[in-house]
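Novice:
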Amino acid sequence: MRFKPDDEVYVKKLLLFAGLPGVGKSTISKEVRKKTGAKIVDLDDFKKTEVDPTLVTKEIDPPELRWSYYQKALEYVFGLFDQGVSTVIMDEVFHLQSLRFQLESLCAEQSVEVLWVEVRCPYPTVKDRLQSMSREGHILSTEEALRMNRMFEEIFETFSAHDPNHIVISNENDANMDTLVENILQRS
Numbered sequence: 006m007r008f009k010p011d012d013e014v015y016v017k018k019l020l021l022f023a024g025l026p027g028v029g030k031s032t033i034s035k036e037v038r039k040k041t042g043a044k045i046v047d048l049d050d051f052k053k054t055e056v057d058p059t060l061v062t063k064e065i066d067p068p069e070l071r072w073s074y075y076q077k078a079l080e081y082v083f084g085l086f087d088q089g090v091s092t093v094i095m096d097e098v099f100h101l102q103s104l105r106f107q108l109e110s111l112c113a114e115q116s117v118e119v120l121w122v123e124v125r126c127p128y129p130t131v132k133d134r135l136q137s138m139s140r141e142g143h144i145l146s147t148e149e150a151l152r153m154n155r156m157f158e159e160i161f162e163t164f165s166a167h168d169p170n171h172i173v174i175s176n177e178n179d180a181n182m183d184t185l186v187e188n189i190l191q192r193s
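Be aware that the sequence shown starts at 6, since it is given in my numbering, and climbs by one per residue.
1. So Phe51 is in the alpha helix (DSSP H); what residue range does that whole segment cover?
2. Do three or more CB pairs link the segment 70-89 to the segment 119-135 at distances below 8 angstroms?
3. Less than 8 angstroms between the CB atoms is what I'm expecting for Leu104 and Arg71, so what's the real figure, rounded?
4. If you compare alpha carbons, which of Pro68, Glu55 and Val37 is closest to Gln107?
5. Give me the Cα-Cα distance between Asp49 and Leu111, rounded to the nearest whole angstrom.
6. Restricting to runs no shorter than 4 residues, where is the alpha helix (DSSP H) found entirely within the segment 58-108?
7. Determine the burial state of Ala166: buried for a count of at least 16 other Cβ atoms within 10 Å of its Cβ, exposed for fewer.
8. Would you tell me roughly how many angstroms separate the C-alpha atoms of Ser193 and Thr54, rounded to the nearest one?
9. Who does Val122 pair with in a DSSP beta bridge?
10. Is there contact between the segment 144-157 and the segment 25-44, where contact requires at least three CB pairs shorter than 8 angstroms?
11. Which same chain residues end up closer than 7 angstroms to Ala113 when comparing Cβ atoms and leaving out the 5 residues on each side of it in sequence?
12. I need the straight-line Cα distance from Thr32 to Lys17, nearest angstrom please.
13. Tell me which residue opens and which closes the alpha helix (DSSP H) that Thr147 is part of.
14. Starting from the C-beta of Asp96, find all residues in its chain whose C-beta is less than 6 angstroms away, skip the five residues before and the five after it, and write them out in chain order.
15. Could you tell me if Glu39 is buried or exposed, where buried requires 16 or more neighbouring beta carbons within 10 angstroms of its beta carbon?
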């Protein structure tokens, strides 16, 4: 959706899809884009310029490095809002509360509404899905994504249960994509 920044109805929204690698953040993001016309900003594009490729596949990049590409991505997002884009989607693990808080603070300074969409999916389902699909265009191979899923699971800091800007989407085997998207749109 596009609006001119001076329109009365112009609201800047950033949908931040969070969750472990392989849970379906990108897939659900694309479905939301189809229904809304939102612009997707791929954080992997920023990560590729900031992070040594061998680090990406073997270990979790340190918070200060992660924050550097989050900031660059946000600068790009704010530029899109200045051009009249009203809704932007980003998906990433977003595993650290401190970085989530910093993202929200920067967005608040720019009068950007934030909705955290935490996507969850049990590991056996993630494994089955990843092994049955092509990973073309992803920064991680199937094996790397499965390994990183386990690594991030150990350190993923939970969202506050009382955060009004946070919803949980369960992307299990029997999840209906239209229903998942509708649940997100009702909150955004």
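No residue lacks a Cβ here, since even glycine has one placed at the ideal position from N, Cα and C. If you're wondering where the values come from, they're calculated on a predicted model, not measured in any experiment.
Specialist: This is what the structure holds:
1. Residue 51 sits at position 46 when you count from the first residue of the sequence shown. Note, Phe51: alpha helix (DSSP H), Leu48 to Glu55.
2. no
3. Locating residue 104 in the sequence shown gives position 99, where the first residue counts as 1. Locating residue 71 in the sequence shown gives position 66, where the first residue counts as 1. Between Arg71 and Leu104 the Cβ distance is about 6 angstroms, and since that is below 8 angstroms, they are a contact.
4. On the sequence shown, position 102 is the one that residue 107 refers to. Measuring from the Cα of Gln107, the nearest candidate turns out to be Pro68.
5. If you number the sequence shown from 1, residue 49 lands on position 44. If you number the sequence shown from 1, residue 111 lands on position 106. Each residue's Cα considered, the two are about 20 angstroms apart.
6. 58-63 and 68-87
7. Taking the sequence shown and counting its residues from 1, one reaches residue 166 at position 161. By the neighbour-count rule (16 or more Cβ atoms within 10 Å), Ala166 is not buried but exposed.
8. Counted from its first residue, the sequence shown places residue 193 at position 188. Counted from its first residue, the sequence shown places residue 54 at position 49. Cα to Cα, the separation comes out at about 31 angstroms.
9. The sequence position of residue 122 within the sequence shown is 117, counting from 1. DSSP lists Phe22 and Ile172 as partners of Val122.
10. yes
11. Counting from 1 along the sequence shown, the entry for residue 113 is found at position 108. Closer than 7 angstroms at Cβ, skipping near neighbours: no residue.
12. Sequence index remark: in the sequence shown, residue 32 carries index 27 (1-based). Sequence index remark: in the sequence shown, residue 17 carries index 12 (1-based). Near 23 angstroms, if we compare the C-alpha coordinates of Lys17 and Thr32.
13. The residue given as residue 147 occupies position 142 in the sequence shown. Thr147 to Ile160 is the extent of the alpha helix (DSSP H) around Thr147.
14. Translated into positions along the sequence shown, residue 96 becomes position 91. Correct list, in chain order: Phe22, Lys30, Ser31 and Ser34.
15. Within the sequence shown, numbered from 1, the residue matching residue 39 stands at position 34. The amino acid at residue 39 is misidentified as Glu; the sequence shows Lys. Its Cβ having fewer than 16 others within 10 Å, Lys39 is exposed.
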